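Asks:
In this note's numbering, the protein residues as written are -14 to 364.
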């Protein structure tokens, strides 16, 4: 099959093709996420989201792959971009779990290209803005104790570098993790506002290399490995040239740009006050999102749940009962985390009760600091 040569090496076409490849790999890794024939509940994002048979989910899944392949080969033909957007949006309309951060970013990129495929500067400007605010908000969300404890101390220093507790107990070690939040936030502002972006771009690429080293070293969150590689390529293509995007008042004269600014510039700011969804606000590895725990009695009647039961009955929230960490279950079955919003937890509970009626279950929402008084029972 012959790929169009006239645009093969243009920057915007290369960005679309890299996105198609990364998107397809992520969907392949998380293939059970896109089907309803699974144990983890399909959680409708809206009350009017229909409960459709698995064949429809499968058709959308295959249709998306077909669209991504065609968009990769025939990038300049925008009807394949439309096909991908329609199949992905339809899939996300059926299941809240599919609203993953990488899915959201790729959807936005395709929307930008759909409107501005023939206006290279506008497309690259919108994508540059998206990448910049991703770093800014991802960094801002890390200014919290949950990040310092769960990500900095436990994941990075203890599990990866094997620092002993005697070192981790030192305050300066604990609070030095805030430097990571400062660096990531500064990268975002630097990519958007600095005239010379090369140094900042290299810093961003190095950061993603370190993230990949951590994730691969722990064999963790495989689905975001291709996303990190893709982000490195985005930064390389968008910000290492001399004629890179510079945000100015002229940017806001375009009405679509104002809409984009509202969606990815303003609404994520509301998340800092609990008024907008975490994953739609680029809240990534912050350690401050809520988790869902199911405390279960009578689970023996449902052997299919056994692989997801915690090996330990010492959980501080379940008081000796068997427990299932919904996040670990989601990772184990679908390679993605649970969508971390209370309304999602409430819908999960409703579906669980209907699916496993012979269990006595309590549903706990918890977060940092991990103390019994901070838990909230989902009603």
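Note that CB positions come from ideal geometry on N, CA and C, so glycine has one too. A quick note: this is a predicted structure, and the numbers were derived from the prediction, not measured.
Tell me which same chain residues have a C-beta within less than 6 Å of the C-beta of residue 377, skipping the five on either side of it?
Replies: The question about residue 377 has no answer here: the residues shown for the chain are numbered -14 through 364.
Asks: Distance check for residue 108 and residue 245, CA to CA, integer angstroms please.
Replies: Looking at the two C-alpha atoms, the distance is approximately 12 Å.
Asks: When you compare each of 49, 262 and 283 to residue 30 by their alpha carbons, which one comes out closest?
Replies: Nearest C-alpha to residue 30: 262.
Asks: With DSSP as the reference, label residue 91 as helix, strand or coil.
Replies: Here residue 91 sits in helix by DSSP.
Asks: Please classify residue 230 as buried or exposed, where buried requires at least 16 neighbouring CB atoms within 10 angstroms.
Replies: Residue 230 comes out buried.
Asks: So, helix, strand or coil for residue 60, using DSSP?
Replies: It is coil, neither helix nor strand.
Asks: Taking all protein chains shown into account, decide if residue 215 is buried (16 or more other Cβ within 10 angstroms of its Cβ) or exposed.
Replies: Label assigned to residue 215: buried.
Asks: Helix, strand or coil for residue 405? Go by DSSP, reduced to three states.
Replies: Residue 405 lies beyond the stretch modelled for the chain, which goes from -14 to 364, so this question has no answer here.
Asks: At what residue ranges does the segment 165 to 221 contain a whole run of the alpha helix (DSSP H), taking only runs of 4 or more?
Replies: The segment 165 to 221 contains these whole alpha helix (DSSP H) runs: 183 to 202.
Asks: Hey, would you say residue 27 sits closer than 9 Å to residue 74, going by beta carbons?
Replies: Their beta carbons are not under 9 Å apart, which means residue 27 does not touch residue 74 by this criterion.
Asks: Can you give me the start and stop residues for the alpha helix (DSSP H) that residue 114 sits inside?
Replies: Start and end: 105 to 125.
Asks: Bridge partners of residue 345, per DSSP?
Replies: Note: residue 345 sits in a beta bridge opposite 282.
Asks: Tell me whether residue 314 is buried or exposed, calling it buried when 16 or more other Cβ atoms sit within 10 Å of its Cβ.
Replies: Label assigned to residue 314: buried.
Asks: For residue 7, which residues from the same chain have a beta carbon less than 6 Å from its beta carbon, with the 5 sequence-adjacent residues on both sides left out?
Replies: 211 and 215, listed in sequence order.
Asks: Is the beta carbon of residue 319 sitting closer than 9 Å to the one on residue 46?
Replies: Taking 9 Å as the Cβ cut-off, residue 319 and residue 46 do not qualify as a contacting pair.
Asks: Quick check on the burial criterion: 16 or more other C-beta atoms within 10 angstroms. Buried or exposed for residue 285?
Replies: Looking at its Cβ environment, which holds fewer than 16 other Cβ atoms inside 10 Å, residue 285 is exposed.
Asks: Roughly how many whole angstroms lie between the Cα atoms of residue 327 and residue 333?
Replies: Rounded to whole angstroms, residue 327 to residue 333 spans 10 Å at the Cα level.
Asks: I'd like to know whether the C-beta atoms of residue 162 and residue 133 end up nearer to each other than 9 Å.
Replies: Yes, Cβ-Cβ distance for residue 162 and residue 133 is below 9 Å.
Asks: Mind checking which residues open and close the alpha helix (DSSP H) that includes residue 7?
Replies: Segment -4 to 14, the alpha helix (DSSP H) holding residue 7.
Asks: Quick one: using the 10 Å Cβ neighbour count with 16 as the cut-off for buried, is residue 178 buried or exposed?
Replies: Under this definition residue 178 is an exposed residue.
Asks: Measure the C-alpha to C-alpha separation of residue 182 and residue 218 and round it to an integer number of angstroms.
Replies: Roughly 15 Å between the two C-alpha positions.
Asks: Bridge partners of residue 271, per DSSP?
Replies: The partner list for residue 271 (beta bridge, DSSP) is empty, contrary to what the question assumes.
Asks: Quick check on this structure: which residue in 85, 142 and 273 has the alpha carbon closest to the alpha carbon of residue 199?
Replies: Looking at the Cα atoms, 142 is the closest of the given residues.
Asks: Ignore the nearest five residues each way along the sequence and tell me which others in residue 303's own chain have a CB closer than 6 Å to its CB.
Replies: So the qualifying residues of the chain are 280.
Asks: Between residue 21 and residue 71, is the Cβ-Cβ spacing less than 9 Å?
Replies: Result no, Cβ atoms of residue 21 and residue 71 do not sit closer than 9 Å.
Asks: Mapping DSSP to helix, strand and coil, what is residue 244?
Replies: If DSSP states are grouped into helix, strand and coil, residue 244 belongs with the helices.
Asks: Short of 8 Å in beta carbon distance, which residues of its chain neighbour residue 221, apart from the five on each side in sequence? Order them along the chain.
Replies: Hits under 8 Å: 186 and 190.
Asks: Suppose the cutoff is 8 Å on Cβ atoms and the five residues either side in sequence are ignored; what does the same chain contact list for residue 308 look like?
Replies: Only 278, 279, 280, 281, 294, 295, 298, 300 and 302 meet the Cβ criterion.
Asks: Could you pull out every residue in the same chain whose Cβ sits closer than 7 Å to the Cβ of residue 18, ignoring the five residues on either side in sequence?
Replies: 82, 83, 319 and 321, listed in sequence order.
Asks: To which residues of the same chain is residue 243 closer than 7 Å at the C-beta, ignoring the five residues directly before and after it?
Replies: Contacts found: 237.
Asks: Pick helix, strand or coil for residue 289, following the three-state DSSP scheme.
Replies: Correct three-state label for residue 289: helix.
Asks: Compare the Cα-Cα distances from residue 172 to each of 159, 160, 88 and 116 and report the closest residue.
Replies: The shortest Cα separation from residue 172 among 159, 160, 88 and 116 belongs to 116.
Asks: Measure the beta-carbon distance from residue 91 to residue 267 and round it to whole angstroms, keeping in mind my assumption that it falls under 8 Å.
Replies: Wrong, their Cβ atoms sit about 13 Å apart, outside the cutoff.
Asks: Spell out the partners DSSP gives residue 295 in its beta bridges.
Replies: BP columns for residue 295 are empty, so no partner.
Asks: When you compare each of 165, 23 and 363 to residue 290 by their alpha carbons, which one comes out closest?
Replies: Ranking the options by Cα distance to residue 290, first place goes to 23.
Asks: Closest to residue 344 by CA distance: which of 0, 283, 154 and 350 is it?
Replies: Residue 283 is the option with its Cα nearest to residue 344.
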